[in-house]
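So the structure is just underneath, and the comments pick up after that.
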Amino acid sequence: MKICLSKIYKAEKVELSDDRLSAGSTKGYRMVRATRGVVEGAWYFEIKVVRLGESGHTRLGWSTEKGDLQAPVGYDGNSFGYRDVDGSKVHKALREKYGEEGYKESDVIGFYINLPEGGSYAPKPPHLVLYKGQRYACAPEAKEEAPKVVPGSEISFFKNGVCQGVAFKDLYGGRYYPAASMYTLPNQPNCVVKFNFGPDFEFFPEDFNGRPLPKPMVEVPYHGFDNRVENGVSNEKKH
Numbered sequence: 021m022k023i024c025l026s027k028i029y030k031a032e033k034v035e036l037s038d039d040r041l042s043a044g045s046t047k048g049y050r051m052v053r054a055t056r057g058v059v060e061g062a063w064y065f066e067i068k069v070v071r072l073g074e075s076g077h078t079r080l081g082w083s084t085e086k087g088d089l090q091a092p093v094g095y096d097g098n099s100f101g102y103r104d105v106d107g108s109k110v111h112k113a114l115r116e117k118y119g120e121e122g123y124k125e126s127d128v129i130g131f132y133i134n135l136p137e138g139g140s141y142a143p144k145p146p147h148l149v150l151y152k153g154q155r156y157a158c159a160p161e162a163k164e165e166a167p168k169v170v171p172g173s174e175i176s177f178f179k180n181g182v183c184q185g186v187a188f189k190d191l192y193g194g195r196y197y198p199a200a201s202m203y204t205l206p207n208q209p210n211c212v213v214k215f216n217f218g219p220d221f222e223f224f225p226e227d228f229n230g231r232p233l234p235k236p237m238v239e240v241p242y243h244g245f246d247n248r249v250e251n252g253v254s255n256e257k258k259h
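All letters in the sequence shown, in the order written, are residues 21 to 259 by this note's numbering.
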């Protein structure tokens with residue numbers, strides 16, 4: 021199964037298209053993330069803002085495994101967002117001036133991340149055991165290590181192929197997933213966004229200003245997600 025939007029790692033009120041590349045929200049800000057994330061290297065994907073409507077808004081970006089699915093991207097320290105209203109960047113619920121202006125319906129947003137040798141700084145994954153057909157994480161034998169900063173790491177956003185500048189740098193090591201959050205008032209048509217994981221992009225930047233050339237997210241290798249869980253034919257619990 022190629023990378024797509026996760027049926028497991030999404031808020032209940034987020035609705036996915038049949039191909040699991042488009043998402044909309046029937047309520048306040050809720051998040052969905054992709055089935056695969058990256059630990060090291062330079063990577064890129066796009067999101068097209070299909071519909072905002074009269075009341076729709078989005079915060080789009082990257083999230084780690086710990087990002088709160090019941091909140092917008094950028095709500096906590098585990099996700100990094102780009103806001104439609106004024107083009108501000110959002111992290112730990114703090115909005116800061118970023119782009120010259122926001123983005124709107126039909127705009128295509130590009131997402132760039134670079135984690136040089138990030139695997140050396142990522143926390144060790146939990147040890148999983150299989151019991152009665154379900155996977156459980158074992159309690160760590162020792163105290164978890166403090167997060168480590170990946171030197172030279174950064175997140176940048178693009179609007180219709182134009183770089184808006186470096187949004188975040190000195191990221192902690194970990195696995196970063198494409199993520200989106202949508203907001204719509206009740207009784208209004210869903211705010212809808214569509215992901216493009218490549219390799220054919222609508223606005224692939226001509227110049228990355230000396231940054232390492234990224235790979236499309238479609239090339240991220242399978243890294244342990246159980247296809248049976250995502251396809252809904254397993255009895256494993258959601259979490």
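Where a beta carbon is used, it is the ideal one built from N, C-alpha and C, also for glycine.
- In the DSSP secondary-structure assignment, residue 183 is bridged to 178.
- Note: residue 240 is not bridge-paired with any residue in the DSSP secondary-structure output.
- The criterion of a C-beta distance shorter than 8 angstroms is not satisfied by residue 197 and residue 71.
- If you ignore the 5 residues before and after residue 229, its C-beta comes within less than 7 angstroms of the C-beta of 183, all in its own chain and listed in chain order.
- C-alpha of residue 240 to C-alpha of residue 132: approximately 14 angstroms in a straight line.
- Residue 60 holds the alpha-carbon nearest to the alpha-carbon of residue 194 among 41, 96, 60, 75.
- Note on residue 207: under 16 other CB atoms within 10 angstroms of its CB, so exposed under the neighbour-count rule.
- Of the other Cβ atoms in all chains shown, fewer than 16 fall within 10 Å of the Cβ of residue 140; this residue is therefore exposed.
- For residue 71, the enclosing beta strand (DSSP E) starts and ends at 61-71.
- Per DSSP, the beta bridge partners of residue 211 are 45.
- If you compare the alpha carbons of 218, 172, 238, 178 with that of residue 232, the shortest gap goes to 172.
- The beta carbon of residue 226 sits closer than 8 angstroms to those of 181, all from its chain and outside the five residues before and after it, given in chain order.
- Check the Cα spacing between residue 50 and each of 124, 31, 68: the tightest is with 31.
- Counting only residues of its own chain and dropping the five nearest sequence neighbours on each side, residue 209 has a CB closer than 6 angstroms to the CB of 73.
- In the three-state DSSP reduction, residue 140 falls in the helix class (H, G or I).
- When the alpha-carbon of residue 112 is set against those of 91, 129, 121, the nearest one is in 91.
- When DSSP states are grouped into helix, strand and coil, residue 75 belongs to the coil group.
- DSSP places residue 200 in the uninterrupted beta strand (DSSP E) bounded by 197-203.
- Distances from the CA of residue 213 to each of 58, 224, 67 were compared; the closest alpha carbon is that of 67.
- One Cα belongs to residue 81, the other to residue 57, and the distance between them is close to 12 angstroms.
- Shown here for residue 202: same chain residues with a beta carbon closer than 8 angstroms to its own, the five before and five after excluded, namely 34, 43, 44, 45, 49, 50, 76, 77, 78, 210, 211, 212, 213 in chain order.
- Under the DSSP assignment, residue 109 falls in the beta strand (DSSP E) whose first and last residues are 109-111.
- For residue 115, the beta-bridge partners assigned by DSSP are 110.
- Excluding five sequence positions before and after residue 127, the CB atoms of its chain that fall closer than 8 angstroms to its own CB belong to 68, 69, 179, 180, given in chain order.
- Where residue 23 is concerned, there is no enclosing beta strand (DSSP E), because DSSP gives it neither an H nor an E.
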